[in-house]
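Structure, as structure tokens:
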Amino acid sequence: LPTPPLINAALVAPSSGRDAVLARQVRTPLLRTTDGGRAWRRVHEPGRAVGYSWIVFSTRRVGVAVVQVHDSALADAVWRTTDGGAIWHSVSLR
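Residues in the sequence shown are numbered consecutively from 1, following our numbering.
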């Protein structure tokens, strides 16, 4: 899967054979491909992320990300998508 330049902590989360979400880390936005990596586009995020601990898809459309949104925490938010990673929503942790 061709990607933009990456660092060692980058995460690639495939949702199908052609679709994937990429977290390049270091305060960069999530990117998504729907054409096997030819083009990567920004996705809608519910806030600004400092980093990403984990991203996984349970189906082609539904995925979850554990996200760091504060410098002082390792992971302090959960985001969820139901459209293959195009739009992410914050999940309340109560």
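Glycine included, C-beta positions come from ideal geometry on N, C-alpha and C.
Where L22 is concerned, the enclosing beta strand (DSSP E) starts and stops at A20 to A23.
Judged by DSSP in its simplified three-state form, P5 adopts coil rather than helix or strand. T81 sits in a strand when the DSSP states are folded into three classes. Per DSSP, R32 is one residue of the beta strand (DSSP E) stretching across L31 to T33. Secondary structure at V62: coil, using DSSP grouped into helix, strand and coil. Rounded to the nearest angstrom, the gap between the Cα atoms of A10 and R24 is 5 Å. DSSP places P46 outside both helix and strand once states are collapsed to three, so it counts as coil.
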